[in-house]
């Protein structure tokens, strides 16, 4: 998979119609959960993602065999656009069937 650079016109996690791949997804850090259930995102990741104290996130989880296997954080103010970008191509495929 060739990872393309995000531009101002490319939305986060936008689906590439030709290849059906997303333009996101990379491993940036391995983090731990403390005794109170809190995590710390490394400073360089917070800076790269423009995350500041007080920012709100939508937490999305996926389950497999009845257990949560993946957790994703999406900035709350970008969540609606992200859903449209991810579900839009599927809607088009359904309509065309």
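Numbering (this note's numbering), first residue to last: 310 to 406.
Every residue, glycine too, gets a C-beta built ideally from N, C-alpha and C.
Could you say which of the options lies nearest to residue i if we only look at CA atoms?
i: residue 351; options: 336, 393 and 397; result: 336
i: residue 391; options: 369, 374, 340 and 342; result: 369
Residues in its own chain within less than 6 Å of residue i by CB, not counting five upstream and five downstream?
i: residue 396; result: none
Give every residue of the same chain whose Cβ lies closer than 8 Å to the Cβ of residue i, excluding the five residues on either side of it in the sequence, and list them in chain order.
i: residue 355; result: 361
i: residue 316; result: Because residue 316 sits at a pLDDT of 42, beneath the cut-off of 50, its placement in the model cannot be relied upon, and the point is left open.
i: residue 357; result: 337
i: residue 314; result: Per-residue confidence for residue 314 stands at a pLDDT of 44, beneath the threshold of 50, marking its modelled position as unreliable; the derived number appears in the next sentence. Once the five neighbours on either side are set aside, residue 314 has no close Cβ partner at all.
Apart from the five residues on each side of it in sequence, which residues of its chain come closer than 7 Å, Cβ to Cβ, to residue i?
i: residue 341; result: none
- [ ] May I ask you to verify whether the stretch 380-397 touches the stretch 359-369, counting CB pairs closer than 8 Å and requiring at least 3?
- [x] Touching, per the Cβ criterion.
TODO: For the stretch 319-397, list the beta strand (DSSP E) runs that are entirely contained and at least 3 residues long, ordered along the chain.
DONE: Residue ranges of uninterrupted beta strand (DSSP E) with 3 or more members, entirely inside the stretch 319-397 and ordered along the chain, are 366-373 and 376-384.
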